[in-house]
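Straight run, no breaks: the sequence shown in my numbering ends on number 171.
Ideal Cβ positions, reconstructed from N, Cα and C, are used throughout, including at glycine.
Presented below is the structure to which this report refers.
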Amino acid sequence: MSPAFRSDPDPNIEDTNEFTLVKTIISTLSSWTHPPVVAEVLSAGNLKTNIVKFRDSAQKLHAYHLFLQYITTHDELPPRLWQLQKDAALDVRHAAWFRALFSEASRHRRFFRTKMGWPGCGPKVMQEGDVIFVAQGANMPCVLRPVEGKDNYHLFVGTAYVYGLMAGELFDGEGYSSGPGS
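This is the structure we're talking about:
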């Protein structure tokens, strides 16, 4: 089963500032799904970077809410980790930690939703018509691009994080088919 790429909230990054881009991405993802899923997609399901480590998804979700609160209250992004004051409040630190996680997970990536409604992030070069391919036993779904004029030929575009497809859910559900045309 390979749901096709459907939509992307990313505007042209050269035509917008980082804060506007982040607000657009969050607004679009929030219109597709609820906050815990948005937090997972923005972080590509990760709990840590080289510098930041959340204890669990609940702590990460709390940091996501603090990130949103900071954006709403200050009308700007939380400080980067290196900009944090030594006496910064814990809420500000957690918001900055989520920013770091989000920044790392979204570097050279774009956000999308499949035709089946699964939100995710994949290679920046993804485009409409690309498909998500989930190989049984693979660690990550793959983004493939059909080769024009060659049936059953695809180019590998990269790997993706797709909420709802990362723990073998596709193979556990009724939508799985291993026969021709699946």
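Query                                                                                                          : Result
Pro112 - partner residues in DSSP beta bridges                                                                 : Arg98
Secondary structure of Pro67, DSSP reduced to three states                                                     : coil
Proximal residues to Ala77 (C-beta, below 8 Å), its chain only, five neighbours per side dropped               : Pro68, Ala85
Beta-ladder partner(s) of Val151, from DSSP                                                                    : Gly109
Extent of the continuous beta strand (DSSP E) to which Phe122 belongs                                          : 120 to 122
Option in Asn128, Leu144, Met129 with minimal Cα separation from Pro135                                        : Leu144
Coil, strand or helix - His23 by DSSP                                                                          : coil
CB contact flag (Phe100, Leu18, <8 Å)                                                                          : yes
Min CB distance Leu133 to chain C below 8 Å                                                                    : This model lacks chain C altogether, as it is built from one protein chain only.
Beta-carbon proximity check, Phe91 vs Leu50, cutoff 8 Å                                                        : no
Range covered by the beta strand (DSSP E) that runs through Val41                                              : First-last for Val41: undefined, no H or E at that position.
Separation of Gln74 from Val120, as counted between CA atoms                                                   : 44 Å
Tyr172 vs Val26 beta-carbon contact at 8 Å                                                                     : Because the chain is modelled from -10 through 171, residue 172 falls outside the range shown and cannot be assessed.
Trp21 versus Thr103, Thr38, Gly147, Glu117, residue with shortest Cα-Cα distance                               : Thr103
Range covered by the beta strand (DSSP E) that runs through Pro130                                             : Neither: Pro130 is in no beta strand (DSSP E) and is coded neither H nor E.
Cα-Cα separation, Lys113 to Thr62                                                                              : 30 Å
Same chain, Cβ closer than 7 Å to Leu66, neighbours up to 5 away in sequence not counted                       : Glu7, Phe8, Val11, Ile60, Arg88
Own chain partners of Leu70 with C-beta closer than 7 Å, once the 5 adjacent residues on each side are dropped : Ile40, Ala85, Ala89
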